Amino acid sequence: MLTAANTLRVTRVSSVRVESPTVKTFTFKDKLCAKARPGQFIMIWIPGVDEIPLSIMNVEKGEVSVAVKAVGEATCALHGMKVGDKVGVRGPFGSYFTETPGRVLLVGGGTGVAPLLFLAKRLSARAKRLALVMGAKTKSELLFLDQFTALCTAKSMIAATEDGSYGLKCLATEPVETLLKKENFDMIYACGPEPMVRQIFLIAEKYVIPIEASLERLMRCGLGLCGSCMIGKYRVCKDGPVFNATQLREVKDELGVSKLDFDGKRIRF
Ligand SMILES: Cc1cc2nc3c(=O)[nH]c(=O)nc-3n(C[C@H](O)[C@H](O)[C@H](O)COP(=O)(O)OP(=O)(O)OC[C@H]3O[C@@H](n4cnc5c(N)ncnc54)[C@H](O)[C@@H]3O)c2cc1C
Ligand code: FES
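In terms of our numbering, the sequence shown opens at residue 179 and continues consecutively.
Here it is in structure tokens:
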């Protein structure tokens with residue numbers, strides 16, 4: 179069905195910001211996307227190259243922002259774009275985080291922190307406690323440190339790097355478990371590489387804490403038609419990308435373990 183969200187709109191890049199050696203934030207005007215909720219994603223069409231899914235990092239004054247890591251043809255082409263260049267946009271699509279206002283723990287890895295920044299902006303004035311654990315391979319891959327520090331409850335922003343170049347030298351899972359041993363949270367929101375999400379899900383189950391996680395699978399149509407984004411019985415583009423604990427339990431055997439590749443073949447993470 180052709181809905182307003184599905185219709186491609188052409189807009190122009192209104193700002194580009196370098197966040198790290200591999201990540202840039204792009205902002206552009208789009209009335210529909212400016213009404214999006216944290217956790218939703220858009221399909222960005224890079225003329226002559228490809229259309230790719232990206233999580234919404236912020237909406238403000240009729241504009242929408244996405245943080246993009248250059249990993250392949252489409253993302254590198256987007257990185258080459260300047261203010262005034264044309265892009266196509268569809269969306270916003272998918273499920274979103276519930277925005278629980280109690281004691282909230284955010285856990286993000288890599289560009290997975292982008293939708294969590296949008297969520298943190300919505301929650302910071304309402305949450306009783308807002309804590310964040312952010313994981314990355316190295317210091318330069320930690321994103322939005324200053325913004326998260328300003329939004330979180332005092333001294334509640336924990337960074338972990340695998341090489342120890344900033345914060346704790348460990349995976350994000352370690353400080354999460356240390357926190358949960360000491361205090362209770364009403365909700366965990368997670369987004370990042372699926373093996374990380376799996377570990378955070380297992381920890382949430384162990385400590386009996388509700389969790390919602392945003393998953394990133396390979397997407398082609400973004401419309402629920404092609405099946406390339408399947409996890410268990412779910413299509414990430416239609417039923418997700420945000421899944422609750424009940425749904426994550428249903429796909430536990432596949433979560434962070436195996437996925438479909440570009441040829442539809444099942445591969446291990
Ligand atoms: C719901 C959703 C939200 C996303 N949000 C963001 C975001 O906010 N910022 C961001 O930088 N990226 C995000 N991605 C990932 C982004 O869509 C891919 O990096 C992009 O499609 C790669 O296109 P490419 O042509 O540059 O690279 P390709 O040449 O297509 O791929 C390069 C490498 O990236 C891998 N890759 C491609 N697509 C994905 C994917 N969906 N998930 C994991 N690995 C992938 C490929 O396996 C390959 O190893 C999101 C993906 C989904 C499904
Ligand atoms: S991307 Fe085609 S079904 Fe989800």
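All residues carry an ideal CB built from backbone N, CA and C; glycine is no exception. The model shown is predicted, which means the values in this text are computed figures rather than measured ones.
Return the residue from the list the options that minimises the CA-CA distance to residue i.
{"i": "Lys333", "options": "Leu323, Leu180, Gly342, Val267", "result": "Leu323"}
{"i": "Leu329", "options": "Phe206, Lys213, Arg300", "result": "Arg300"}
{"i": "Glu238", "options": "Val265, Gly250, Ala248, Lys213", "result": "Lys213"}
{"i": "Leu426", "options": "Val375, Ala182, Ala292, Leu297", "result": "Val375"}
{"i": "Val285", "options": "Glu390, Asp431, Leu438", "result": "Glu390"}
{"i": "Ala423", "options": "Asp439, Gly442, Ile378", "result": "Ile378"}
{"i": "Gly405", "options": "Lys315, Gly442, Thr316", "result": "Gly442"}
{"i": "Met365", "options": "Leu283, Asp439, Asp431", "result": "Leu283"}
{"i": "Gln325", "options": "Gly240, Glu432, Phe206, Ala298", "result": "Ala298"}
{"i": "Ala183", "options": "Gly272, Val196, Val244", "result": "Gly272"}
{"i": "Ala303", "options": "Lys315, Gly280, Gly287", "result": "Gly280"}
{"i": "Gly287", "options": "Gly250, Ala350, Phe440, Ile220", "result": "Ala350"}
In whole angstroms, what is the alpha-carbon distance linking residue i and residue j?
{"i": "Glu277", "j": "Ile387", "result": "15 Å"}
{"i": "Phe204", "j": "Ser193", "result": "6 Å"}
{"i": "Val401", "j": "Val420", "result": "Residue identity differs from the one stated: residue 401 is Leu in this sequence, not Val. Cα to Cα, the separation comes out at about 16 Å."}
{"i": "Gly370", "j": "Cys211", "result": "22 Å"}
{"i": "Gly290", "j": "Ser392", "result": "8 Å"}
{"i": "Lys411", "j": "Phe275", "result": "20 Å"}
{"i": "Lys437", "j": "Ile445", "result": "6 Å"}
{"i": "Leu310", "j": "Asp263", "result": "35 Å"}
{"i": "Leu380", "j": "Asp228", "result": "35 Å"}
{"i": "Thr339", "j": "Val354", "result": "14 Å"}
{"i": "Leu295", "j": "Arg215", "result": "12 Å"}
{"i": "Ala337", "j": "Tyr344", "result": "7 Å"}
{"i": "Lys359", "j": "Arg307", "result": "16 Å"}
{"i": "Ala255", "j": "Leu180", "result": "28 Å"}
{"i": "Glu361", "j": "Ala305", "result": "15 Å"}
{"i": "Met221", "j": "Met235", "result": "13 Å"}
{"i": "Gly342", "j": "Glu352", "result": "13 Å"}
{"i": "Val261", "j": "Gly240", "result": "17 Å"}
Grab me the residues of residue i's own chain with a C-beta within less than 7 Å of its C-beta, minus the 5 sequence neighbours each way, in chain order.
{"i": "Asp208", "result": "Arg187, Thr189, Val242, Val267"}
{"i": "Thr327", "result": "Met335"}
{"i": "Cys407", "result": "Arg395, Leu396, Met397, Arg413, Val414, Cys415"}
{"i": "Ser318", "result": "Ser198, Pro199"}
DSSP three-state label for residue i, please.
{"i": "Ser302", "result": "coil"}
{"i": "Glu390", "result": "strand"}
{"i": "Ser193", "result": "strand"}
{"i": "Phe421", "result": "strand"}
{"i": "Met397", "result": "coil"}
{"i": "Pro373", "result": "helix"}
{"i": "Glu277", "result": "coil"}
{"i": "Asp454", "result": "Past the boundaries of the shown model lies residue 454; the chain is included only from 179 to 447, so the question cannot be answered."}
{"i": "Val265", "result": "strand"}
{"i": "Ser198", "result": "coil"}
{"i": "Gly240", "result": "coil"}
Once you ignore the five residues that flank residue i on each side, which residues in its own chain have a CB closer than 8 Å to its CB?
{"i": "His257", "result": "Lys202, Val246, Ala248"}
By Cβ distance below 6 Å, which residues in the same chain neighbour residue i in space, the five residues on each side in sequence not counted?
{"i": "Gly217", "result": "Tyr274, Phe275, Pro293, Ser392, Val420"}
{"i": "Glu428", "result": "Gly410"}
{"i": "Pro373", "result": "Gly434, Phe447"}
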